[in-house]
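Undergrad:
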Amino acid sequence: MKWDMMLCLLFAMIYLTIIHYGRLGRRNPYIDVSGPVMVLTMKVTLLAFNIHDGAASDTGDLQTNNPDIRRLAVSRVPGLLEFAGYAFNFQTVLVGPMVDFRHYKHFIETGVSPPPPGAPVDKTGSDGNANLVRPSPWRAVLRQLGVVTITAWCVVFLVPKVPHAFFREEAYYGWSWWRQWGYMYLSGLMGRMKYYAAWCLAGAVCNASGLGYSGLGEDGRQRWDAVSNVHLWQVESRRCLRPRMQFSAFTRRLYDLAGWAATRVCIAYLQVPFVLLDISTSMRVYSEHYFAVHLLCAAMIFLLPRVLPPPAKTVSSTAKLTTPIVHDTGLDVWAARSVRGLRIWPEG
Numbered sequence: 016m017k018w019d020m021m022l023c024l025l026f027a028m029i030y031l032t033i034i035h036y037g038r039l040g041r042r043n044p045y046i047d048v049s050g051p052v053m054v055l056t057m058k059v060t061l062l063a064f065n066i067h068d069g070a071a072s073d074t075g076d077l078q079t080n081n082p083d084i085r086r087l088a089v090s091r092v093p094g095l096l097e098f099a100g101y102a103f104n105f106q107t108v109l110v111g112p113m114v115d116f117r118h119y120k121h122f123i124e125t126g127v128s129p130p131p132p133g134a135p136v137d138k139t140g141s142d143g144n145a146n147l148v149r150p151s152p153w154r155a156v157l158r159q160l161g162v163v164t165i166t167a168w169c170v171v172f173l174v175p176k177v178p179h180a181f182f183r184e185e186a187y188y189g190w191s192w193w194r195q196w197g198y199m200y201l202s203g204l205m206g207r208m209k210y211y212a213a214w215c216l217a218g219a220v221c222n223a224s225g226l227g228y229s230g231l232g233e234d235g236r237q238r239w240d241a242v243s244n245v246h247l248w249q250v251e252s253r254r255c256l257r258p259r260m261q262f263s264a265f266t267r268r269l270y271d272l273a274g275w276a277a278t279r280v281c282i283a284y285l286q287v288p289f290v291l292l293d294i295s296t297s298m299r300v301y302s303e304h305y306f307a308v309h310l311l312c313a314a315m316i317f318l319l320p321r322v323l324p325p326p327a328k329t330v331s332s333t334a335k336l337t338t339p340i341v342h343d344t345g346l347d348v349w350a351a352r353s354v355r356g357l358r359i360w361p362e363g
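Take the working numbering: the final residue in the sequence shown is number 363, and no numbers are missing along the way.
Right under this line is the structure:
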């Protein structure tokens, strides 16, 4: 069926929307299952696209040059036990990270996740046969547990100093504009710490079980980044909105500084509903700032292309004849890249 994966995505999103809608009426619920359901939604959708790609590959209809899409394609619908194990495995059931079915199945059958194609592997064997050496995850696990300790300390001792509940107080709206933005940023930063702690702890669990192994790096060291929720330092230190801008050295540094500040402002602004989980208070905070970031984003999308139109692309006739046709959709690329989990890969 041509649109089977889209129907799966639609059903999963409708169910997730119902879960979130039920969450809105309870400010402090005793049980909140929206987090695991979000992870399950991504897993089910990814599996549906992989099965669709597998069926298209078997019939020769898969038109793509993306090796990840072909490598992750699933040729048959998994059984109930296989699917339940994939969807509810203990490493990722609560907060992720997301992992594709082929990766998970290889881990279940061999006890270690497969390295990507072309990556060097650890091999040895006294009988002349190359046998995969079981890698040791403890260095990666201890490093992640160190991050968990720091972020958990922030949650216990620093989060109470900048509580989210202060957004509901009239005193906040009596502050100056700059002070409001500063509190918004600090409160959001501390609010993210609990998610960083949970995500890094889940990553440590995946690595301790062997699920996160991704082969050897160029320096010969073992890599444990096959499944990761987030790269904390890269997220917090992102310095450019668009990498590889061709400027002079001074202008590029100025652009990086402005990009870092703009990124911090946007994150502080957009995360308000996420940390408050309260629509009325979130709308009041946004109205206090005149929906500035919303309007700026709309202007960049609809007005900027008219004011500063991009230069026309020129393609030579030779390139037209030699360039292969690729029919990847955005969802195909998203499904292929999700083999690395919910990672955020900044390029700056």
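Even for Gly, the Cβ is constructed at its ideal location relative to N, Cα and C.
These numbers come from a predicted model, not from an experiment.
Taking 6 Å as the cut-off, is the beta-carbon of Met-199 closer than that to any non-hydrogen atom of the ligand GTP?
TA: This structure does not include the ligand GTP; it has no bound ligands of any sort.
Undergrad: Mind checking which residues open and close the alpha helix (DSSP H) that includes Glu-185?
TA: Mapped onto the sequence shown, residue 185 falls at position 170. First-last of the alpha helix (DSSP H) with Glu-185: 185–188.
Undergrad: From which residue to which residue does the alpha helix (DSSP H) around Gly-200 run?
TA: Here residue 200 refers to the residue found at position 185 when the sequence shown is read from its first residue. According to the sequence as given, residue 200 is Tyr; it is not Gly. Taken as a continuous stretch (DSSP letters only), the alpha helix (DSSP H) holding Tyr-200 covers 192–224.
Undergrad: So Lys-176 is in the alpha helix (DSSP H); what residue range does that whole segment cover?
TA: Walking along the sequence shown from the start, residue 176 turns up at place 161. No alpha helix (DSSP H) contains Lys-176, which DSSP labels as neither H nor E.
Undergrad: Could you tell me which whole alpha helix (DSSP H) segments of length 4 or greater appear in the region 276–333?
TA: Listed in chain order, they are 287–291, 294–303, 307–317, 319–322.
Undergrad: Using C-beta distances below 7 Å, list every residue in its chain close to Leu-201, excluding the 5 sequence neighbours before and after it, in chain order.
TA: Along the sequence shown, read from residue 1 onward, the residue named residue 201 stands at position 186. These residues qualify, in order along the chain: Val-177.
Undergrad: Tell me the DSSP bridge mates of Gln-78?
TA: Within the sequence shown, residue 78 is the residue found at index 63, counting from 1. None, per the DSSP bridge assignment.
Undergrad: Helix, strand or coil: how does DSSP classify Gln-159 here?
TA: For the purposes of this step, residue 159 is identified with residue 144 of the sequence shown, where counting begins at 1. Helix.
Undergrad: Keeping to the same chain, check which residues put their C-beta closer than 7 Å to that of Lys-17; ignore five residues upstream and five downstream.
TA: Locating residue 17 in the sequence shown gives position 2, counting from the first residue. None.
Undergrad: So is Gln-78 buried or exposed if we call it buried at 16+ other beta carbons inside 10 Å?
TA: Indexing the sequence shown from 1 puts residue 78 at position 63. When all chains shown are included, Gln-78 counts as exposed.
Undergrad: Please classify Cys-312 as buried or exposed, where buried requires at least 16 neighbouring CB atoms within 10 angstroms.
TA: The residue given as residue 312 occupies position 297 in the sequence shown. Counting Cβ neighbours within 10 Å, Cys-312 comes out exposed, since fewer than 16 surround it.
Undergrad: At the level of alpha carbons, what is the spacing between Pro-152 and Ala-212?
TA: Here residue 152 is taken as the residue at index 137 of the sequence shown, counted from 1. Here residue 212 is taken as the residue at index 197 of the sequence shown, counted from 1. Roughly 19 Å separates the two Cα atoms.
Undergrad: Which residues mark the beginning and the end of the alpha helix (DSSP H) in which Phe-122 is found?
TA: The sequence position of residue 122 within the sequence shown is 107, counting from 1. Looking at the DSSP string, the run of the alpha helix (DSSP H) that includes Phe-122 is 116–125.
Undergrad: Do you know whose CA, among Ala-223, Phe-116, Asn-81, lies nearest Trp-239's CA?
TA: Reading the sequence shown from its first residue, position 224 is the one you call residue 239. Among Ala-223, Phe-116, Asn-81, the Cα nearest to that of Trp-239 is on Ala-223.
Undergrad: What are the boundary residues of the alpha helix (DSSP H) that Trp-248 is part of?
TA: Sequence index remark: in the sequence shown, residue 248 carries index 233 (1-based). Here the alpha helix (DSSP H) through Trp-248 covers 247–251.
Undergrad: Please determine, among Ala-167, Leu-157, Glu-184, the residue with the shortest C-alpha to C-alpha distance to Met-208.
TA: Working through the sequence shown from its first residue, we reach residue 208 at position 193. For the residues Ala-167, Leu-157, Glu-184, the minimum Cα distance to Met-208 belongs to Ala-167.
Undergrad: Measuring alpha carbon to alpha carbon, tell me which residue in Arg-38, Asp-47, Val-59 is nearest Phe-364.
TA: Here the chain has residues from 16 to 363 only, and residue 364 is not among them.
Undergrad: Taking the alpha helix (DSSP H) that Leu-95 falls in, what are its first and last residues?
TA: Counted from its first residue, the sequence shown places residue 95 at position 80. 95–103 is the extent of the alpha helix (DSSP H) around Leu-95.
Undergrad: How would you label Gly-84, buried or exposed, when you count the other beta carbons within 10 angstroms and need 16 or more for buried?
TA: Here residue 84 corresponds to residue number 69 of the sequence shown, with the count starting at 1. Residue identity check: residue 84 is Ile in the sequence provided, not Gly. Classification of Ile-84: buried, given that the 10 Å Cβ count is 16 or more.
Undergrad: Report the option in Met-20, Leu-319, Glu-303 whose CA atom is closest to the CA atom of Trp-196.
TA: Working through the sequence shown from its first residue, we reach residue 196 at position 181. Answer by Cα proximity: Glu-303.
Undergrad: Going by alpha carbons, who is nearest to Leu-160 out of Ser-191, Trp-192, Ala-217?
TA: Position 145 of the sequence shown, counting from 1, holds the residue named residue 160. Per the Cα distances, Ala-217.
Undergrad: Quick check: the region 66–78 against the region 87–94, are there 3 or more CB pairs under 8 Å?
TA: Yes, since at least three Cβ pairs between the region 66–78 and the region 87–94 fall closer than 8 Å, the two stretches touch.
Undergrad: Since Met-20 is in the alpha helix (DSSP H), which residue starts that stretch and which ends it?
TA: Here residue 20 is taken as the residue at index 5 of the sequence shown, counted from 1. Element bounds for Met-20: 19–39.
Undergrad: What does DSSP give as the partner residues of Tyr-231 in its beta bridges?
TA: On the sequence shown, residue 231 is found 216 positions in, with the first residue counted as 1. Looking at the sequence provided, one finds Leu at residue 231 rather than Tyr. Leu-231 is bridged to Gln-237.
Undergrad: Quick one: using the 10 Å Cβ neighbour count with 16 as the cut-off for buried, is Asp-19 buried or exposed?
TA: Residue mapping note: residue 19 aligns to position 4 of the sequence shown, counting from 1. By the 10 Å Cβ count, Asp-19 comes out exposed.
Undergrad: Buried or exposed for Val-92, please, with buried defined as at least 16 other CB atoms from any protein chain shown within 10 angstroms of its CB.
TA: The sequence position of residue 92 within the sequence shown is 77, counting from 1. That one is exposed.
Undergrad: Given that a residue counts as buried once 16 or more other Cβ atoms are within 10 Å of its Cβ, and exposed if not, what is Leu-62?
TA: The residue given as residue 62 occupies position 47 in the sequence shown. The residue is buried, with at least 16 neighbouring Cβ atoms inside 10 Å.
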